[in-house]
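Comments concern the structure below.
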Amino acid sequence: MSWEAYLIFVVTTGVICLTPGPAALLIVAQGMSNGMRRSYWAIAGIALTNALYFALSATGIAALIVASNNLFSIIKWVGVAYLLYLGMSTLLSKGSAFSVSSDKSLAVSGWPAFWNAVIVELSNPKALLYFVALLPQFIDPAQPLGKQMLIYGASCLALDGLTYSLYAWLGSKTQKFTANAKFVKASNRASGGLLMLAGLLMAGVKRVAH
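Position in the sequence shown (from 1) plus 378 gives the number in our numbering.
Pasting the structure below:
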């Protein structure tokens, strides 16, 4: 593994982590409702799921899932349905993980926030496609595989923690506005609409292998 390849991997992964998506939206909503510190439950859920995807990619299982039309379709359509459900719940302000509320007792935190994040990231096949399509390009077959996987895996977790902490911080900076009913209503409409849009876009995700 060369330093040049590693730096390209870090930059590429960092840019993808910073690109807004369902996971980033979840963290922003958590920051708005719970503050930055409590958002780390959701960040941990996303990081753990990405670690699982990384492990699957490293063992080749992820490639088999992507190559299997039935398995990939199940993952994709479950994700579409879940995102649409979350979007509608947020639009109606039912206290979902994405909802912003001035009532802190309704905020989703702790283990519920952790598992919500895990479900959101598991239901997004784009994360699976990312590891299947990107990771193999940086593996040097002439070098010890275990060492490379350890370095790339640790780097992915670190980038997840840094970028989603930034999203949590940005969300926490708007906490002072959550007492405003109009702001809360507008935020939930925006979050719900974006989630439903993400679900519709996910429906168009194609397999890497055919």
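Don't be surprised by glycine CBs; every beta carbon is placed ideally from N, CA and C.
Under the three-state DSSP convention, the category residue i falls into
i    : result
S380 : coil
I452 : helix
A520 : coil
L470 : coil
N502 : coil
K563 : helix
P400 : helix
Other residues of its chain near residue i: CB distance less than 7 Å, five sequence neighbours each side excluded
i    : result
L426 : V496
L575 : none
T397 : none
Beta-carbon spacing of residue i, residue j below 8 Å
i    : j    : result
E499 : N448 : no
G570 : M466 : yes
A532 : W419 : no
F509 : S435 : yes
When the options are compared against residue i, the one with the closest alpha-carbon
i    : options                   : result
A433 : A505, S543 and G570       : A505
C534 : M414, E382 and T390       : T390
I394 : Y463, L523, L430 and L507 : L507
N502 : M414, L462, F387 and L544 : L462
G488 : R567, M414, G399 and F387 : M414
P400 : V456, L464, E382 and W455 : L464
Own chain residues within Cβ distance below 8 Å of residue i, not counting five before or after
i    : result
G539 : I421 and A425
Residues of its chain near residue i, where Cβ-Cβ distance is below 6 Å and the 5 sequence neighbours each way are ignored
i    : result
G367 : Lying before the first or after the last residue shown, residue 367 is absent from the chain, which here runs from 379 to 588.
A402 : Y545
G392 : L537
Y431 : A505, L506 and F509
T541 : C395 and L396
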